[in-house]
Amino acid sequence: MNARVYAHILSVIGVLLTVPGTVLAQGFAGLGSSAVGFDLPDPDTRFTFPEDHGAHPEFRIEWWYLTANLTGADGEDYGIQWTLFRNAIAPGGAPEDQVWMAHAAVSAPDMHLTAERFARGGLGQAGVTATPFEAWLDEWRMAGPSLADVDLTAQGSDWAYDLTFSATGPFVPQGQNGYSVKSEEGLASQYYSQPFYEVTGTLTLPSGAVDVSGQGWLDREWSSQPLAPDQTGWDWVSLHLDGGAKLMGYRLRRADGTDYTVGTWITADGAPTPLNDGEITMTDERRAIVAGRDVPVAWAVAVPSHGVDIRAEALGDQSWMEAAVPYWEGPVTVEGSHSGRGYLEMTGYE
Amino acid sequence: MTWPVLQALLGHWRRHPFQMVTLILGLALATALWSGVQAINAEARASYDRAASAIGGGQADELISPDGPIPLATYAALRRAGWRVSPVVEGWVDGPGGRVRLIGIDPLSAPPGTPAAMAAVGIEGGILSFIGPQGALLATPATAERLEGGSRPVRAVEGLAPGLAFADLPNALALLDRQDVDRLVIHPDQPLRQSPLTEVAPGLERARPATADDLGRLTDSFHLNLTAFGLLSFAVGLFIVNGAVGLAFEQRRPMFRTLRALGVSSGRLVATVVAELLVFALVAGLIGVALGYLIAAALLPDVAATLRGLYGAAVEGTLTLSPVWWLSGLAIAVAGTALAAVTSLWGVARLTPLASARPRAWARANRQTMLAQLAAALLALMIALGAGVAGHGLLSGFILLGGLLIAAALALPAALTGLLALAGRQRGTALREWFWADTRQQVPGLSLALMALLLALAANIGVGTMVQSFRDTFTGWLDQRLASELYVTAETEAQAAEMLDWLDGRTDAVLPIWDTEGEVLGAPAEIYGVVDHPTYRDNWPLLDAVPDVWDRIGAGQGALVNEQLARREGLAPGDPLPMPGGWTTEVTGIYSDYGNPLGQVILPNGVLIERYPDVDRLNFGLRIDPARVDEITAGLEDEVGLPPDNMVDQAALKAFSLDVFERTFAVTGALNVLTLAVAGVAILTSLLTLANMRLPQLAPVWALGVTRDWLARIELLRSVILAALTFVLAIPVGLVLAWVLLAVINVEAFGWRLPMHLYPLDWLWLGLLSAAAAGLAGLWPARRLASRPPSDLIRVFSNER
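So the sequences go chain by chain: A and B. For the first sequence, numbering that gives the first Met the number 0 begins at 0 and goes up steadily by one. For the second sequence, numbering that gives the first Met the number 0 begins at 0 and goes up steadily by one.
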């Protein structure tokens, strides 16, 4: 899931945005320059929980990224996203040098409502504590006794959600024991996930309130390094497959048309198997015009080593996040060798 | 067919180039003054908007605390309760080039479109050049210059609010040595659910921001004033055009008739004339707009000084113009021409080929017309009085003003006719009786030009009286208010202590002038402290007070408020006065405080220090023997190390204040002169028009033996007498105007009422000037009459061709 902020960084390098909120985009752009003074990811690091659920301000960038595939009491499929980004504008880890950004969205086949918030650190407006766990920006909040058991809330001007996430499986390190490599040059991040959430709660939509239940996925990642300069964008999936297995995979696109793939096969009891570059393939099968851009909205995903040959298709084509750094993020339905559902994120489609 | 017609029509202008010049000049002048004033107003308003939208887009409401600053914890609590608000802190910073107002904003939470936040993103290096410990201050190039060389990097950004510097919130807090903010701007787009304000932050109040609206309201009087002048000049300019067009049409009647006889249809003729006028209007409009630009550019620095001096409103001294302005200038020129030419065009449209080719004298004295005008004047007067009695606010003040002027102008022909009839009643020679009767008969033809003159003169007298009264009151008030011989400002409190030590025994008194800022009754105000000293007892300009006001100040009781604050809030001595910090004192006196845009409260100095311990304690007034000012100044400089710039003697301060005052009214003066000049041209064109048409009336008098020279002299005298009479009538109108300006408009606009003084000597000069202008205007038609070939006059008696 590292892809996300990296992709954000990518999408703003060399692109001057003109709308309000540009503020953060520029901040991200600034981040792309150098990691001097910040800690760097280390292959020998092992996670210690609950401490690592909290912030790592000595690293430049970090995020808490939640998605959930939900089914409403009305029989409709829904998806939600809740993201908190931390960005340090100077090394040293001082709270006032942290800039926070949050994105939230609620999606259905013909609906995609989003909101975006920013805050500076040191004022109490945004932050993360590990015990008891709380991550917040304004009234948007993910909090509970521990990260395995949290309440989640966010809202926009005409929608809101209040959900409870309860983990039924372990936290899963991505990459090599949590050290996730992003390119042949060795750029990397610390990365773990919680793909085993059961979710219940209520969506408050412009059309009314809907009780929902389903599956959730959390990604936690921190790093200090930017992407390689020739990496132009990102296609990423996190999938809940029937039978309980989970698949995370992404494809970093390079300017020359080649790509670098990363993935993890997670068994139903939470045992991860990293997928090496090329072990997972992603091919776009259908494209749609989204926010004036030509964006793939259905993907053929194959992992022959695990017998996976599936098609992941957007629940709603128009799941565009019109944020300071725009990107596509929305729920997908899975068919083929396995069925299921999950989330798709794509960046760099300018 | 159209082309030959147009050629024929245009031939007239080749033969009468001066007429063409008059027409274009009149129209260009009218357009110039109008569009110049519009340009100035537009520039000022753009500046206010920039200042207002500096934070919160100018539209957003704010949360403020009546008890003083807002802790950052309250901000965080509000955000966490679902309130999308953005903190703003304000204060003054001393740059190497002087003091600058500093605004601290949080670009991360600022509402969309906040100019400073947008600017922060747009600067080289992006947002990271603005936020963070190394973040720069942003200001307009002029303001940035004043900050250059200070402790922080500065970036110049065009289009920011003038006179302000912007910093990222943490940097602003550090510069101002603050841990709290002044207000929270409310984001226009709030989320679905939020806790009630009363639960999260019960101490805060929702308020409209002090923004363009407020600044606009404050400066409305000034802009209405300018607009009124612009409109007046435009109206007067139209009189010129009306005269010129009328003359051209009368002279071309034979040509029109001939053209119609040759088969040119009435429609084509009118269309061609319209096309001709359109060309003139566009040419004159272009010249006028260009002139308007020059006028605006020349006046704008004074206007900016005025607005700064009177209202504390910062306006850029440079002009930026939009295409809309150019187009509206042209449009107003065309519309004005249409208005001025409509009667003449009507005449052309109705012209039949068999019509008389002889110039027809303009409308004769018509009792009915005059009565209708009188009725209209009465109506205007009633509307004016209604607005004056029932209405309140600046607009009704100006309705009162406008109504009075219109009523006076409409009543002018009747009044003149009456006066002339009175004069004609005296028995005299036949020639004298003819003179009065003929003059009366001319009034309707000249009435438009004379109305223009009346308006210009009345405005001149009214505004002149207002400015002079203001100047006299202001000067006297300055003498009272600036009682100390020397005013000094220490650089630090330590230096202040050292200075006091040194001054001990060298002065009659050292009066602290310490102040702070706060919100009093919902608006920003200055809070000063005074000690009980004869300086104040003897000099302070109190308008109203409890009997023992100074004893009570000495005992640490009560507060003085300035007239502005008292009028705005309806305060009188004895009323309670809630103060920032949540305590209440009593109003014990009200003093005049001209030129101050803000409310002001004066507390006993001990109370000031006790309630507001962080007051600025660096300013002092020194009472010394005026002869020793230089000696003390030198001593303070050499022995205490006070920079010379930090010491101002009374005379210099007075000179400075008067200079601000004079610059304030320089614009008014300039517009006054321009309006009068335009009125002079209006009379000239009207007289020229009439001169030709009056031959049938003059010829019989000539035939009876009055020489052409005599006739010319009589004509000259006539115009001077008409101007003089108009001037006499303009005096009362002007005085009423002055009274309205002083007693209604000033109170509404500034919050102070000025006593009215009369300046008859100024009127005398104005009277001579208007008579001279009318004489000058009449000179040329008179000379033409004197040198007219007798055959012209004889021809009047011949049969019609």
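Glycine included, C-beta positions come from ideal geometry on N, C-alpha and C.
- With a cut-off of 8 Å on Cβ pairs, the segment 573-593 of chain B is not in contact with the segment 620-634 of chain B, counting fewer than three such pairs.
- Within chain B, the residues whose beta carbon sits less than 7 Å from that of Val-98 of chain A are Leu-107, listed in sequence order.
- Annotation: the continuous alpha helix (DSSP H) that includes Thr-725 of chain B extends over 707-739.
- Your pair Leu-617 of chain B and Thr-488 of chain B checks out as a contact, with CB atoms roughly 5 Å apart and the cut at 8 Å.
- Rounded to whole angstroms, the gap between the alpha carbons of Trp-99 of chain A and Met-141 of chain A is 15 Å.
- For Gly-207 of chain A, no Cβ of chain B is located within less than 7 Å of the residue's own Cβ.
- Contact holds between the segment 157-167 of chain B and the segment 101-119 of chain B, because three or more Cβ pairs, one in each stretch, are under 8 Å apart.
- With 16 or more other CB atoms across the displayed protein chains lying within 10 angstroms of its CB, Phe-165 of chain B is buried.
- Contact check between the segment 324-339 of chain A and the segment 268-286 of chain A: fewer than three CB pairs, one atom from each, fall below 8 Å, which does not count as touching.
- From the listed residues B:Gln-193, B:Ile-589, B:Ala-722, the smallest Cα separation to Leu-768 of chain B is found for B:Ala-722.
- The C-beta of Thr-583 of chain B has fewer than 16 other C-beta atoms within 10 Å across all chains shown, which makes the residue exposed.
- Remark: three or more beta-carbon pairs, one from each stretch, lie closer than 8 Å, so the segment 157-175 of chain A and the segment 259-266 of chain A are flagged as touching.
- Put simply, of B:Leu-765, B:Ile-126, B:Met-117, B:Gly-557 the residue whose alpha carbon is nearest the alpha carbon of Val-672 of chain B is B:Leu-765.
- Going by C-alpha positions, Gly-668 of chain B is about 14 Å away from Leu-32 of chain B.
- Shown here, Thr-346 of chain A sits in a strand according to DSSP, grouped into three states.
- Between Thr-587 of chain B and Ala-558 of chain B a beta carbon distance of about 7 Å is seen, short of the 8 Å cut, so the two are scored as contacting.
- It is roughly 24 Å from the alpha-carbon of Gly-444 of chain B to the alpha-carbon of Ala-332 of chain B.
- For Glu-197 of chain A, the enclosing beta strand (DSSP E) stretches over residues 187-204.
- Annotated three-state conformation of Ile-294 of chain B is helix, per DSSP.
- Look at Thr-82 of chain A here: in three-state DSSP terms it is strand.
- As summarised for the segment 552-580 of chain B, the continuous alpha helix (DSSP H) elements at least 4 residues long and confined to that stretch are 562-568, given in chain order.
- Pairing Pro-330 of chain A with Tyr-342 of chain A gives a Cβ-Cβ distance under 7 Å.
- By the CB criterion at 7 Å, Leu-419 of chain B and Trp-435 of chain B fall inside the cutoff.
- Counting only residues of its own chain and dropping the five nearest sequence neighbours on each side, Pro-42 of chain A has a CB closer than 7 Å to the CB of Gln-175, Tyr-178.
- Contact of Gln-317 of chain A with chain B is not assigned, every C-beta pair being separated by 7 Å or more.
- At a cut-off of 7 Å between beta-carbon atoms, Leu-71 of chain B makes contact with chain A.
- Residues of the segment 157-188 of chain A with a C-beta less than 9 Å from any C-beta of chain B: Asp-157, Trp-158, Ala-159, listed in chain order.
- The beta carbon of Leu-112 of chain A sits no closer than 7 Å to any beta carbon of chain B.
- If you check each beta-carbon in the segment 131-142 of chain B against every beta-carbon of chain A, the ones closer than 9 Å belong to Gly-131, Pro-132, Gln-133.
- The shortest CA-to-CA distance from Leu-136 of chain A to any of B:Arg-78, B:Ala-495, B:Ala-389 is the one to B:Arg-78.
- Around Thr-203 of chain A, the beta-carbon contacts reaching into chain B at under 9 Å are Leu-191, Arg-192.
- Residue pairing by DSSP places Asp-293 of chain A opposite A:Ile-288 in a beta bridge.
- Close CB contacts of Phe-233 of chain B within its chain, under the 6 Å cut and outside five residues either way in sequence, are with Ala-29, Trp-33 (chain order).
- Around Gly-123 of chain A, the beta-carbon contacts reaching into chain B at under 7 Å are Ala-72, Ala-75.
- Beta-bridge partners of Asn-275 of chain A (DSSP): none assigned.
- By the Cβ-count criterion, Val-341 of chain B is exposed, with fewer than 16 other Cβ atoms from all chains shown falling within 10 Å of its own Cβ.
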